[in-house]
Amino acid sequence: MAVDLKNSALIIVDVQNDFLPGGALAVNNGDKVIPVINKLQDKFEFIVATQDWHPATHGSFAGNHEGQKVGDTIILNGLEQILWPSHCVEGSFGAAFHEGLENHNWREVFKKGTNPKVDSYSGFFDNGRKEHTGLGDYLKRYKIEKVFVTGLAADYCVKFTVLDALDLGFQTFLITDATKGVNLAPNDTVDAFGEMEKMGAVLLQSEDLL
Ligand code: VGL
Ligand code: ZN
1 MAVDLKNSAL
11 IIVDVQNDFL
21 PGGALAVNNG
31 DKVIPVINKL
41 QDKFEFIVAT
51 QDWHPATHGS
61 FAGNHEGQKV
71 GDTIILNGLE
81 QILWPSHCVE
91 GSFGAAFHEG
101 LENHNWREVF
111 KKGTNPKVDS
121 YSGFFDNGRK
131 EHTGLGDYLK
141 RYKIEKVFVT
151 GLAADYCVKF
161 TVLDALDLGF
171 QTFLITDATK
181 GVNLAPNDTV
191 DAFGEMEKMG
201 AVLLQSEDLL
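Numbering-wise, the sequence shown is residues 1 to 210 according to my numbering.
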């Protein structure tokens, strides 16, 4: 498949130590996306990354809610919230990008989840859609029309980044071998792929671009 990469951006979502094997919220085989994303970066002139970046007091951490455990669902300021282990605490090793991930051509990094009162799966908006990270305006300022989304995790931050990109009017591609899911339920990643496709995302493999 020949895909025209004019006015395109590669978005690298949350390829951070805590989402990789050995990390606090490790995604199975999460490290497998790194060589794929590195190869893809050679094809793109415009690359941005997102970074999950929580204060230690973040409301998505089970340890900040007495009597709750990881995986429980609570209401956090009016929104349903799955409780996660403490992860990607601002400035920590877990919040850093993996050292094997190329970053020399990145234009900008967009941090998300900085407000302790609301989680932010999408790279564009928080889960309550009250605040934005600046990513959408940034891409539009540079006349980006197509976005190619990669990274972690397929069933959370990648999925919501893709859905918001579609909502903002970007032609949106998901590179399926450049993402892996958490899979709290075994089919979550497959279901997420289906949902993104149904909403208008085009599912590609990296070899379609290389
Ligand atoms: C993520 C859960 C909590 C992700 C971030 O990057 O997919 N998932 N925070
Ligand atoms: Zn998080």
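Where a beta carbon is used, it is the ideal one built from N, C-alpha and C, also for glycine.
Beta-carbon spacing of residue i, residue j below 8 Å
i, j, result
"W53", "E108", "no"
"I175", "L40", "yes"
"F19", "L152", "yes"
"A192", "K159", "yes"
"A201", "T179", "no"
"A96", "N29", "no"
"T50", "F110", "yes"
"L83", "G71", "yes"
"G134", "V27", "no"
"K43", "L203", "no"
"A165", "V149", "yes"
Reduced DSSP category for residue i - H, G, I as helix; E, B as strand; rest coil
i, result
"F193", "helix"
"G151", "strand"
"F160", "helix"
"L139", "helix"
"E80", "strand"
"K130", "coil"
"K117", "coil"
Inter-residue CB distance, residue i and residue j (contact presumed, cutoff 8 Å)
i, j, result
"Q81", "G67", "15 Å between Cβ atoms; not a contact."
"A56", "P85", "13 Å between Cβ atoms; not a contact."
"I47", "L10", "5 Å"
"C157", "D31", "Contact flag wrong, Cβ pair sits at about 17 Å."
"S122", "T161", "5 Å"
Per DSSP, the bridge partner or partners of residue i
i, result
"V89", "H54"
"V182", "In the DSSP output, where bridge partners are listed per residue, V182 has none listed."
"I75", "E80"
"E108", "V48"
"I175", "L204"
In chain order, each beta strand (DSSP E) run of at least 3 residues that lies wholly inside the stretch 3-55: 8-13, 47-52
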